[in-house]
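A.B. asks: Can you read through this structure? Questions will come right after.
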Amino acid sequence: MAIKLYGAAASTATLRAKACLAEKELDYEFVSINMGNKEHKSPEFLSRNPFGQVPALEDGDLKLFESRAITQYLAHTYPNNGTNLIIHDPKKMAIVGVWIEVEAQKFDQFGSKLAWELAYKPMFGLTTDDAAVEEYEKKLEQVLDVYESRLSESKYLGGDCFTLADLHHLPVLKYLFGTKAKRLFDARPHVSAWAAEIQSRPAWVKATSA
Amino acid sequence: MATPPVKVYGPPLSTAVSRVLVCLLEKDVPFQLVPVNMAKMEHKKPDYVKMQPFGQVPAFQDDDITLFESRAICRYLAEKYPNKGTAGLFGTNPLVKASIDQWLEAESQSFNPPSSVLTFQLFFAPLMKLKQDEALIKQNEAKLEKVLDVYENRLGSSRYLAGDEFTLADLSHLPNTQFLVEKTDKAELFTSRKNVGRWWSEISTRPAWKKVVEMQNA
Chain A
1 MAIKLYGAAA STATLRAKAC LAEKELDYEF VSINMGNKEH KSPEFLSRNP FGQVPALEDG
61 DLKLFESRAI TQYLAHTYPN NGTNLIIHDP KKMAIVGVWI EVEAQKFDQF GSKLAWELAY
121 KPMFGLTTDD AAVEEYEKKL EQVLDVYESR LSESKYLGGD CFTLADLHHL PVLKYLFGTK
181 AKRLFDARPH VSAWAAEIQS RPAWVKATSA
Chain B
1 MATPPVKVYG PPLSTAVSRV LVCLLEKDVP FQLVPVNMAK MEHKKPDYVK MQPFGQVPAF
61 QDDDITLFES RAICRYLAEK YPNKGTAGLF GTNPLVKASI DQWLEAESQS FNPPSSVLTF
121 QLFFAPLMKL KQDEALIKQN EAKLEKVLDV YENRLGSSRY LAGDEFTLAD LSHLPNTQFL
181 VEKTDKAELF TSRKNVGRWW SEISTRPAWK KVVEMQNA
């Protein structure tokens, strides 16, 4: 199989790449990396991602790491497969690019830390840091206020259609929605509607049920 | 002379603003730098927030399009002007572009967080007469060292991060590293690593970056 994705099923970054592969309807082989056994720090895996993090992608001769570089590569390289996740008009794509950065720089920063405290720590039998949760929730709320405003003028974050700018949020949303942090999204009508819609996309449902 | 259609809003001393400035200079794209008085909270006022809803610098305009997030702006410029100024900042084919994107993401996700905290704690905080957090400094120095170890290895077999050419991936590192090397006592993190040191001295002496540093010191 030409495309191979190396990752861990529970990793948000791995899920980000999986979401993209599912939307693009691309066949691929999933190679599970056993993080419990520190396989992600093995010399073999480090040759795929020198930071020792999941995921890593292989497509023929190309080897890539960083989930958001992987999704951009797939979206641009396979424009005619599955869902179009980018916009070909350069000015419109520039706006998509802005909101891709917003997710990477602002949403993920607090969202993934919250997911760690509220969703992952209990999974690993670790104690949630309530003070940290309070701090991250406050910061995430400030970001979600901007999202509420944006989504009241724009159907999706990047523009009129679903793009990578929205897709990149799905993994962290999945984890946060299983915790008390869901109320931060519920409290904002446009954010709530957007989050519900993108999480109900068939490709995402498929990617997370496998 | 006609006013350039490209406007950048924000002070050159801001790392994110300087990231955009160096990209414009590398691409030879004329621009107008519009000052934003952050001491007077101009970046939080309604007129500015209309352009940048998070109330941060920079904001960017090119004709009728308004953008924010420095890395999105850099990608836009590199895509819009592939053959102007320094070519190949974002690659000339999709495979090269993917490799550049990968290292630009690494900068954004792994290098930027600890180096930003250190830059703030060691350069901006004293300037703003704020108290430094020693624990935070120690923690982030350790994180940054791990990242620089990866870079040291990579730059031993590659002239620049993404390959043989200078790209956006290298460019994106200029702002934070400049402060850490020149304005704090953490230069050694970079200069004690042979390949990282070599790479830093190459990218920091590029004329476009030297011009930005001049703007910062003005």
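Line by line, the protein sequences give chains A and B.
Taking UniProt numbering, the leading residue of the first sequence gets 1, the next gets one more, and so forth.
Taking UniProt numbering, the leading residue of the second sequence gets 1, the next gets one more, and so forth.
Note that the Cβ used here is the ideal one computed from N, Cα and C, for glycine as well.
Does any CB atom of chain A fall closer than 8 Å to the CB of asparagine 83 of chain B?
C.D. replies: Within the second sequence, residue 83 of chain B is the residue found at index 83, counting from 1. Chain A contact via Cβ: absent.
A.B. asks: Please report how far the alpha carbon of lysine 131 of chain B lies from the alpha carbon of alanine 193 of chain A, in whole angstroms.
C.D. replies: The residue given as residue 131 of chain B occupies position 131 in the second sequence. The residue given as residue 193 of chain A occupies position 193 in the first sequence. Distance between the alpha carbons of lysine 131 of chain B and alanine 193 of chain A: 42 Å.
A.B. asks: Taking 8 Å as the CB-CB limit, is leucine 118 of chain A close to chain B?
C.D. replies: Here residue 118 of chain A refers to the residue found at position 118 of the first sequence. Not closer than 8 Å to any Cβ of chain B, the Cβ of leucine 118 of chain A fails to qualify, so no.
A.B. asks: Who are the neighbours of valine 102 of chain A on chain B, taking C-beta pairs under 7 Å?
C.D. replies: Within the first sequence, residue 102 of chain A is the residue found at index 102, counting from 1. Chain B residues near valine 102 of chain A: Glu69.
A.B. asks: Between serine 47 of chain A and chain B, is any beta-carbon pair separated by less than 8 Å?
C.D. replies: Along the first sequence, read from residue 1 onward, the residue named residue 47 of chain A stands at position 47. So, not an interface residue.
A.B. asks: Which value, in whole angstroms, describes the spacing of the CA atoms of alanine 135 of chain B and leucine 122 of chain B?
C.D. replies: For the purposes of this step, residue 135 of chain B is identified with residue 135 of the second sequence, where counting begins at 1. For the purposes of this step, residue 122 of chain B is identified with residue 122 of the second sequence, where counting begins at 1. Near 13 Å, if we compare the C-alpha coordinates of leucine 122 of chain B and alanine 135 of chain B.
A.B. asks: Using CA coordinates, which residue listed in B:Arg206, B:Glu214 and B:Lys143 is at the minimum distance from lysine 27 of chain B?
C.D. replies: Taking the first residue of the second sequence as position 1, residue 27 of chain B is located at position 27. Comparing Cα-Cα distances from lysine 27 of chain B to each of B:Arg206, B:Glu214 and B:Lys143, the minimum goes to B:Arg206.
A.B. asks: Between which two residues does the beta strand (DSSP E) carrying isoleucine 3 of chain A extend?
C.D. replies: Taking the first residue of the first sequence as position 1, residue 3 of chain A is located at position 3. Unbroken beta strand (DSSP E) run through isoleucine 3 of chain A: 3-7.
A.B. asks: For threonine 191 of chain B, which of helix, strand or coil comes out of DSSP?
C.D. replies: Residue mapping note: residue 191 of chain B aligns to position 191 of the second sequence, counting from 1. Of the three classes helix, strand and coil, the one that applies to threonine 191 of chain B here is helix, per DSSP.
A.B. asks: Measure the C-alpha to C-alpha separation of arginine 150 of chain A and glutamate 44 of chain A and round it to an integer number of angstroms.
C.D. replies: In the first sequence, residue 150 of chain A corresponds to position 150, counting from 1. In the first sequence, residue 44 of chain A corresponds to position 44, counting from 1. Distance between the alpha carbons of arginine 150 of chain A and glutamate 44 of chain A: 43 Å.
A.B. asks: At 7 Å on the CB atoms, spell out the chain A contacts of leucine 95 of chain B, in chain order.
C.D. replies: What you label residue 95 of chain B is simply residue 95 of the second sequence in a count that begins at 1. The answer, in chain order, is Leu62.
A.B. asks: Measuring alpha carbon to alpha carbon, tell me which of B:Gly156, B:Leu24, B:Leu118 and B:Leu13 ends up nearest proline 5 of chain B.
C.D. replies: Position 5 of the second sequence, counting from 1, holds the residue named residue 5 of chain B. If we check each option's Cα against that of proline 5 of chain B, B:Leu24 comes out closest.
A.B. asks: Within a Cβ cutoff of 8 Å, which residues of the same chain sit near phenylalanine 177 of chain A, ignoring the five residues on either side of it in sequence?
C.D. replies: Here residue 177 of chain A corresponds to residue number 177 of the first sequence, with the count starting at 1. Excluding positions up to five away in sequence, the list reads Phe185, Ala195 and Gln199.
A.B. asks: Anyone know if the C-beta pair for tryptophan 99 of chain A and leucine 157 of chain A falls short of 8 Å?
C.D. replies: For the purposes of this step, residue 99 of chain A is taken as the residue at position 99 of the first sequence. For the purposes of this step, residue 157 of chain A is taken as the residue at position 157 of the first sequence. Yes. Within cutoff.
A.B. asks: So, for glutamine 52 of chain B: in the same chain, excluding its five sequence neighbours on each side, which residues have a beta-carbon less than 7 Å away from its beta-carbon?
C.D. replies: Residue mapping note: residue 52 of chain B aligns to position 52 of the second sequence, counting from 1. Answer for glutamine 52 of chain B: Ala59 and Phe68, listed in chain order.
A.B. asks: Please tell me whether threonine 77 of chain A has its Cβ less than 8 Å away from any Cβ of chain B.
C.D. replies: Counting from one through the first sequence, the residue named residue 77 of chain A turns up at place 77. It does; some Cβ of chain B falls within 8 Å.
A.B. asks: Give me, in chain order, the residues of the same chain whose beta-carbon lies closer than 8 Å to that of arginine 48 of chain A; leave out the 5 immediate sequence neighbours on both sides.
C.D. replies: Translated into the one-based positions of the first sequence, residue 48 of chain A becomes position 48. Once the five neighbours on either side are set aside, the close Cβ partners of arginine 48 of chain A are Tyr6, Ala56, Glu58, Lys63 and Phe65.
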